[in-house]
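Engineer: Dropping the structure in here first, questions after.
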Amino acid sequence: MNILLAPVFVVVFYLIYKDIFQTKRYELSTYLNESDTEKNSAWFKFTSPISSLTKVILNDRKEQKIQEKLYAAGLDMKPQEFVRLKIIYPTVSTIIFILGVFLSDNPILRLGALLSPLLYFYPDFLLRKRIKRAKLEKKLELPEYLKFLAQLLKSHSVAQAIIKSQDYAGPYLKPHVERLAAEVENYPGSDVPFKNFAKSVDIPEAYTFMVALQQALKTSKKQAIEILNSQIQMLRTLEKENYRFLIQKKPEEMNAYGLILLGGMIIYPLILVIIALSEGFKQI
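Structure representation (structure tokens):
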């Protein structure tokens with residue numbers, strides 16, 4: 000019975016960790032917020048040593064680097080909260096597995112206790128996945144947003160068009176558009192906001208559009224409209240390419256899930272066989 004429960008035990012906690020991290024707004028972060036009302040709570044007392052350790056680990060350079068990654072991933076989270084998660088994951092899982100070993104001397108639980116410290120790197124792995132996903136989502140959202148922006152530029156000033164365009168930005172692109180709108184208002188007539196936008200979005204089509212926009216601003220209204228119409232056509236082509244990409248991606252994802260399922264079906268019986276053999280050798 001213990002042999003059957005151990006892998007289930009591992010999988011359940013893996014899914015819990017994954018679910019906590021992959022929600023866009025971390026409920027855990029609300030508990031980790033060190034406000035005056037929470038300083039006497041049991042949770043704050045539990046996490047206060049972790050908060051102290053976080054300050055030791057996180058210097059200014061690391062904090063800025065993590066903040067950039069969180070922004071690129073589209074996560075509403077502070078670097079301090081991210082580092083706390085890195086500490087909490089291995090700490091909690093190690094404690095749970097050690098308790099499991101005391102309750103049931105199962106080799107899988109002992110292995111879990113030994114490997115649990117590696118969960119310190121698990122949030123980094125998930126963050127890399129989120130950054131990759133966010134970049135894909137931004138690429139899918141970009142053509143539609145830029146099409147609306149191009150249409151608005153035909154009848155509005157640059158600042159007005161960008162401010163109005165915020166309503167047409169998708170969830171992954173919106174923070175970048177909001178920053179662009181703020182910078183355009185603060186630095187009127189400068190090309191720096193457009194360069195910053197293209198750099199933060201980090202998609203070739205964004206660079207191309209911003210260069211075309213700069214050219215349009217330096218020409219007559221008629222030529223500017225021609226440039227914008229040309230960009231709209233290019234963006235429509237990009238939308239079609241993105242659509243084809245999504246159609247191709249779905250079967251690949253299903254194949255990946257199939258491989259994971261097949262791997263689990265093969266590995267799990269092997270684990271049971273190895274444990275059975277080890278117990279058999281002990282009895283000899």
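When you line the sequence shown up against numbering that gives the first Met the number 0, it's residues 0 to 283, in that order. Cβ atoms here follow ideal geometry from the backbone N, Cα and C, with glycine treated the same way. Predicted model only: the values in this text are computed from it and were never measured.
By the three-class DSSP mapping on this structure, what secondary structure does L74 have?
Structural biologist: Locating residue 74 in the sequence shown gives position 75, counting from the first residue. Of the three classes helix, strand and coil, the one that applies to L74 here is coil, per DSSP.
Engineer: With a 10 Å radius around its C-beta and 16 neighbouring C-beta atoms as the bar for buried, classify S115 as buried or exposed.
Structural biologist: Position 116 of the sequence shown holds residue 115. Label assigned to S115: buried.
Engineer: Can you give the Cα-Cα distance for K198 and L179, rounded to whole angstroms?
Structural biologist: Numbered from 1 along the sequence shown, position 199 holds the residue referred to as residue 198. Numbered from 1 along the sequence shown, position 180 holds the residue referred to as residue 179. Going from the Cα of K198 to the Cα of L179 covers about 11 Å.
Engineer: Considering only the alpha carbon of each residue, which of D104, N195, K64 and K138 lies closest to E238?
Structural biologist: For the purposes of this step, residue 238 is taken as the residue at position 239 of the sequence shown. Looking at the Cα atoms, K138 is the closest of the given residues.
Engineer: Can you list, in chain order, the residues of its chain with a C-beta nearer than 7 Å to that of E62? Leave out the 5 residues immediately preceding and following it.
Structural biologist: As a first step, residue 62 must be located in the sequence shown, where it is residue number 63. Same-chain partners within the cutoff: P78.
Engineer: Given that a residue counts as buried once 16 or more other Cβ atoms are within 10 Å of its Cβ, and exposed if not, what is R129?
Structural biologist: Along the sequence shown, read from residue 1 onward, the residue named residue 129 stands at position 130. Label assigned to R129: buried.
Engineer: Below 8 Å, can you find three or more Cβ-Cβ pairs linking the segment 163-183 to the segment 219-231?
Structural biologist: Verdict: no, contact absent.
Engineer: Count the CB pairs spanning the segment 63-71 and the segment 117-134 that are closer than 8 Å, and state whether there are at least three.
Structural biologist: Counting Cβ pairs under 8 Å, three or more are found: they touch.
Engineer: Is the Cβ-Cβ distance between P122 and N241 less than 8 Å?
Structural biologist: In the sequence shown, the residue the question calls residue 122 occupies position 123. In the sequence shown, the residue the question calls residue 241 occupies position 242. It is not a contact, given that the beta carbons lie outside the stated cut-off.
Engineer: Between which residues of its own chain and F288 is the CB-CB distance below 8 Å, once the five residues before and five after are set aside?
Structural biologist: Absent from the model: residue 288. The displayed extent of the chain is 0 to 283, so no value can be given.
Engineer: Helix, strand or coil: which one does DSSP assign to T161?
Structural biologist: Locating residue 161 in the sequence shown gives position 162, counting from the first residue. Before going further, note that residue 161 is Ile rather than Thr in the sequence given. Of the three classes helix, strand and coil, the one that applies to I161 here is helix, per DSSP.
Engineer: Given this structure, state the Cα-to-Cα distance separating E140 from I95, to the nearest angstrom.
Structural biologist: Sequence index remark: in the sequence shown, residue 140 carries index 141 (1-based). Sequence index remark: in the sequence shown, residue 95 carries index 96 (1-based). Straight-line Cα distance between these residues: approximately 42 Å.
Engineer: Could you please give the first and the last residue of the uninterrupted alpha helix (DSSP H) stretch that includes K146?
Structural biologist: Translated into the one-based positions of the sequence shown, residue 146 becomes position 147. That run of the alpha helix (DSSP H) goes Y121 to L152.
Engineer: Mapping DSSP to helix, strand and coil, what is V91?
Structural biologist: Taking the first residue of the sequence shown as position 1, residue 91 is located at position 92. V91: helix per DSSP, three-state reduction.
Engineer: Helix, strand or coil for L172, going by three-state DSSP, please let me know.
Structural biologist: The residue labelled residue 172 in the question sits at position 173 within the sequence shown. It is coil, neither helix nor strand.
Engineer: Return the CA-CA distance between F124 and P89, expressed in angstroms with no decimal places.
Structural biologist: Residue mapping note: residue 124 aligns to position 125 of the sequence shown, counting from 1. Residue mapping note: residue 89 aligns to position 90 of the sequence shown, counting from 1. The alpha-carbon atoms of F124 and P89 are separated by roughly 14 Å.
Engineer: For A215, tell me which candidate among R235, V200, S156 and L118 has the shortest Cα-Cα distance.
Structural biologist: Taking the sequence shown and counting its residues from 1, one reaches residue 215 at position 216. Among R235, V200, S156 and L118, the Cα nearest to that of A215 belongs to S156.
Engineer: Reducing DSSP to helix, strand and coil, say where P187 ends up.
Structural biologist: Taking the first residue of the sequence shown as 1, we reach residue 187 at position 188. In this structure, P187 counts as coil in the three-state DSSP scheme.
Engineer: Can you grab the Cα-Cα spacing for the pair L151 / V82, in whole Å?
Structural biologist: For the purposes of this step, residue 151 is taken as residue 152 along the sequence shown, with counting starting at 1. For the purposes of this step, residue 82 is taken as residue 83 along the sequence shown, with counting starting at 1. Distance between the alpha carbons of L151 and V82: 42 Å.
Engineer: Please say whether M209 and K220 have beta carbons closer to each other than 8 Å?
Structural biologist: For this step, residue 220 is matched to residue 221 along the sequence shown. For this step, residue 209 is matched to residue 210 along the sequence shown. No, the pair does not count as a contact, with Cβ atoms beyond the cut-off.
Engineer: If you draw a straight line from the alpha carbon of P203 to that of K85, how long is it in whole angstroms?
Structural biologist: Translated into positions along the sequence shown, residue 203 becomes position 204. Translated into positions along the sequence shown, residue 85 becomes position 86. Rounded to whole angstroms, P203 to K85 spans 33 Å at the Cα level.
Engineer: Between A112 and I65, what straight-line distance do the alpha-carbon atoms span, to the nearest angstrom?
Structural biologist: Numbered from its first residue, the sequence shown carries residue 112 at position 113. Numbered from its first residue, the sequence shown carries residue 65 at position 66. The alpha-carbon atoms of A112 and I65 are separated by roughly 28 Å.
Engineer: Give the range of the alpha helix (DSSP H) segment to which T207 is assigned.
Structural biologist: The residue you call residue 207 lines up with position 208 of the sequence shown. T207 -> alpha helix (DSSP H) spans P203 to L216.
Engineer: To which residues of the same chain is P174 closer than 6 Å at the C-beta, ignoring the five residues directly before and after it?
Structural biologist: Counting from 1 along the sequence shown, the entry for residue 174 is found at position 175. For P174, where only same-chain residues beyond five positions count, there are no Cβ hits under 6 Å.
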